[in-house]
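Q: Residue numbers (our numbering): 32 to 353. Quick one: structure below, then a few questions.
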Amino acid sequence: MKLSRYNFLRQYDDATIFFNPLTCALAVVDENFLRVIDDVKNNSYVEENYDAKLIADMKSSGCLIEDGVDELERLEFYRNLAKYDMTNFGLTIAPTLDCNFRCKYCFETHPKGKMSSETQAALIKFVESRIKRAKIFSVTWYGGEPLLAKEIIWSLSEKFLELCKKFSIDYNAFIITNASLLEDSDVELFKKYKISGAQITIDGVKEVHDSRRRAITGESTFDRLIDRVNLLLNSGSSVVVRINIDKENIARVDELLDVLAERINKREELKIDFGQVSPFTDICKSIESDCYNNAQFADVMLPLYEKVFERGFTVNKMTAYP
Numbered sequence: 032m033k034l035s036r037y038n039f040l041r042q043y044d045d046a047t048i049f050f051n052p053l054t055c056a057l058a059v060v061d062e063n064f065l066r067v068i069d070d071v072k073n074n075s076y077v078e079e080n081y082d083a084k085l086i087a088d089m090k091s092s093g094c095l096i097e098d099g100v101d102e103l104e105r106l107e108f109y110r111n112l113a114k115y116d117m118t119n120f121g122l123t124i125a126p127t128l129d130c131n132f133r134c135k136y137c138f139e140t141h142p143k144g145k146m147s148s149e150t151q152a153a154l155i156k157f158v159e160s161r162i163k164r165a166k167i168f169s170v171t172w173y174g175g176e177p178l179l180a181k182e183i184i185w186s187l188s189e190k191f192l193e194l195c196k197k198f199s200i201d202y203n204a205f206i207i208t209n210a211s212l213l214e215d216s217d218v219e220l221f222k223k224y225k226i227s228g229a230q231i232t233i234d235g236v237k238e239v240h241d242s243r244r245r246a247i248t249g250e251s252t253f254d255r256l257i258d259r260v261n262l263l264l265n266s267g268s269s270v271v272v273r274i275n276i277d278k279e280n281i282a283r284v285d286e287l288l289d290v291l292a293e294r295i296n297k298r299e300e301l302k303i304d305f306g307q308v309s310p311f312t313d314i315c316k317s318i319e320s321d322c323y324n325n326a327q328f329a330d331v332m333l334p335l336y337e338k339v340f341e342r343g344f345t346v347n348k349m350t351a352y353p
């Protein structure tokens, strides 16, 4: 028996946290767990000396592995499985890269124009060639601001649903949007085209958000977005409010959570997600001094998640998990 090369232990307050990224196992562990690790390191491991359930848990978590296991080969297997397994087929589609916001940290250049009819036809042909082997087809609508091209979203969605019906495949969709262009009438179209959830970014209380995520017209967007979040939640859609974090707005995230707790109708159904602002391209290099590095960002996240739970919200587990 040997230890996985992917074991990580971290002290947090009085707790020791174990994480293995190969298996995604995460746990608060005790001294018995740590004693087994020490014994394996010191070549004094005798399995009969420990609690059977503890050893079973350590094996299933990937912490303990058989001597003959090559984890690099296993990792390569997982990579190829993800690369070639078409059971779950997913696409991120940008019907336009244009945007009606001018966020101060945005890395995009906002070229005018929308997806051409030729590209749409090629996309439909590509999807048809791929989904025959799939069981689930998932689409994430992205941009720019995708709702600047609603007619393309509706048209492509119609085609995707026809293909999924033809091949007996489940279909679902999600949209990443600033939500300013979302009209009440769009809610029924979301249902029709199986757009079951949305991510909407709100970066702080009104004055903070409006200074960071300006409409191209210069108008305030904060109150409109709160209203759109409620519209979607009331319609049964899932909503993730994304808060992009840097040194400039971190001090007032508490206030935003209080405002959301007060103004969101279905608080328990709202998920909160924190994003790390990073200077990805030369376009956003001017904000580099305001950005956290990865280690700093990890340190500020734990207290923020605690504040989210205190107010009765949930978190987006896909990004909150290590």
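Cβ coordinates follow ideal geometry from the N, Cα and C atoms, glycine included. Quick caveat, the model's predicted, so the values are computed rather than measured.
State the DSSP-derived secondary structure class of V22, mapped to helix, strand or coil.
A: This structure leaves residue 22 out entirely; the chain is present only between 32 and 353.
Q: Using only CA atoms, which one of R164, Y336, H240, T54 lies nearest to R105?
A: Taking the first residue of the sequence shown as position 1, residue 105 is located at position 74. Comparing Cα positions, the closest option is T54.
Q: Go ahead and pull the three-state DSSP assignment for D44.
A: Taking the sequence shown and counting its residues from 1, the one referred to as residue 44 is at position 13. Note: D44 maps to coil in three-state DSSP.
Q: Based on DSSP bridge pairs, tell me the residues matched to Y76.
A: In the sequence shown, the residue the question calls residue 76 occupies position 45. The partner list for Y76 (beta bridge, DSSP) is empty, contrary to what the question assumes.
Q: Can you round the beta-carbon distance between N296 and N261 to whole angstroms, since I take them to be within the 8 Å contact cut?
A: By one-based count along the sequence shown, residue 296 stands at place 265. By one-based count along the sequence shown, residue 261 stands at place 230. About 5 Å; that satisfies the 8 Å criterion.
Q: For S206, count neighbouring C-beta atoms within 10 Å of its own C-beta (all shown protein chains included) and say buried if the count is 16 or more, exposed if not.
A: In the sequence shown, residue 206 corresponds to position 175, counting from 1. For clarity, residue 206 is Ile in the given sequence; the question names Ser instead. The residue is buried, with at least 16 neighbouring Cβ atoms inside 10 Å.
Q: For the alpha helix (DSSP H) containing Y323, name the first residue and the last one.
A: For the purposes of this step, residue 323 is taken as residue 292 along the sequence shown, with counting starting at 1. No alpha helix (DSSP H) holds Y323; DSSP gives it neither H nor E.
Q: Assign C195 to one of three DSSP states: helix, strand, or coil.
A: In the sequence shown, the residue the question calls residue 195 occupies position 164. It is helical.
Q: Residues bridged to S269 by DSSP?
A: As a working note, residue 269 is residue 238 in the sequence shown. G228, per the DSSP bridge assignment.
Q: Skipping 5 residues on each side, what residues in its chain have a beta carbon closer than 8 Å to that of L95?
A: Translated into the one-based positions of the sequence shown, residue 95 becomes position 64. Cβ neighbours of L95 beyond the five flanking positions: M32, K33, L34, S35, V67, V71, I86, M89.
Q: Can I318 and K135 be called in contact, C-beta distance under 8 Å?
A: In the sequence shown, residue 318 corresponds to position 287, counting from 1. In the sequence shown, residue 135 corresponds to position 104, counting from 1. Against a cut-off of 8 Å, the Cβ pair of K135 and I318 comes out as a contact.
Q: Taking all protein chains shown into account, do 16 or more other C-beta atoms lie within 10 angstroms of the C-beta of M146, making it buried, or fewer, making it exposed?
A: For the purposes of this step, residue 146 is identified with residue 115 of the sequence shown, where counting begins at 1. It counts as buried.
Q: When we look at the beta-carbon of Q230 and count the other beta-carbons within 10 Å, is it buried (16 or more) or exposed?
A: Numbered from 1 along the sequence shown, position 199 holds the residue referred to as residue 230. That one is buried.
Q: Counting only the same chain and skipping the five closest in sequence on each side, list residues whose C-beta sits under 8 Å from that of S169.
A: Sequence index remark: in the sequence shown, residue 169 carries index 138 (1-based). Here the set comprises N119, F120, G121, L122, Y202, N203, A204, F205.
Q: Can you name, in chain order, every residue of its own chain whose Cβ lies under 6 Å from the Cβ of G235, other than the five neighbours on each side?
A: Here residue 235 corresponds to residue number 204 of the sequence shown, with the count starting at 1. Cβ within range, chain order: N280, R283, L287.
Q: Are the CB atoms of G175 and H141 nearer to each other than 8 Å?
A: Along the sequence shown, read from residue 1 onward, the residue named residue 175 stands at position 144. Along the sequence shown, read from residue 1 onward, the residue named residue 141 stands at position 110. Cβ distance < 8 Å, so G175 and H141 count as in contact.
Q: Assign R243 to one of two classes, buried (16 or more other C-beta atoms within 10 Å of its C-beta) or exposed (fewer than that).
A: The residue you call residue 243 lines up with position 212 of the sequence shown. Label assigned to R243: buried.
Q: Assuming contact is defined by CB atoms lying nearer than 8 Å, are G228 and E299 in contact in what I supplied?
A: Residue 228 sits at position 197 when you count from the first residue of the sequence shown. Residue 299 sits at position 268 when you count from the first residue of the sequence shown. Against a cut-off of 8 Å, the Cβ pair of E299 and G228 comes out as no contact.
Q: Determine, using beta-carbon pairs with one atom in the stretch 154 to 170 and one in the stretch 191 to 202, whether at least three such pairs fall under 8 Å.
A: Verdict: yes, contact present.
Q: Evaluate contact between the stretch 247 to 259 and the stretch 210 to 220, counting only Cβ atoms and requiring at least three cross-stretch pairs below 8 Å.
A: These segments touch.
Q: Can you pull the DSSP bridge partners for T171?
A: Here residue 171 refers to the residue found at position 140 of the sequence shown. Note: T171 sits in a beta bridge opposite T123, F205.
Q: From which residue to which residue does the alpha helix (DSSP H) around A152 run?
A: Along the sequence shown, read from residue 1 onward, the residue named residue 152 stands at position 121. A152 -> alpha helix (DSSP H) spans 148 to 161.
Q: On the CB-based measure, 16 or more other CB atoms within 10 Å of its CB, does S320 come out buried or exposed?
A: Within the sequence shown, residue 320 is the residue found at index 289, counting from 1. Result: exposed.
Q: Start and end of the beta strand (DSSP E) containing V60?
A: As a position in the sequence shown, residue 60 is number 29, starting the count at 1. Counting along the chain, the beta strand (DSSP E) containing V60 begins and ends at 56 to 60.
Q: Return helix, strand or coil for A246, following the three-state DSSP convention.
A: By 1-based counting over the sequence shown, the position of residue 246 is 215. Correct three-state label for A246: strand.
Q: Less than 8 Å separating the beta-carbons of L154 and E139?
A: For the purposes of this step, residue 154 is taken as the residue at position 123 of the sequence shown. For the purposes of this step, residue 139 is taken as the residue at position 108 of the sequence shown. Contact flag unset, no.
Q: Please tell me whether F221 and S268 are closer than 8 Å, where the distance is taken between their beta carbons.
A: Walking along the sequence shown from the start, residue 221 turns up at place 190. Walking along the sequence shown from the start, residue 268 turns up at place 237. Yes, the pair counts as a contact, with Cβ atoms nearer than the cut-off.
Q: Candidates A246, A152, D285: which alpha carbon is nearest P334's?
A: Start at 1 with the first residue of the sequence shown, and residue 334 comes out as number 303. With distances taken between Cα atoms, P334 lies closest to D285.
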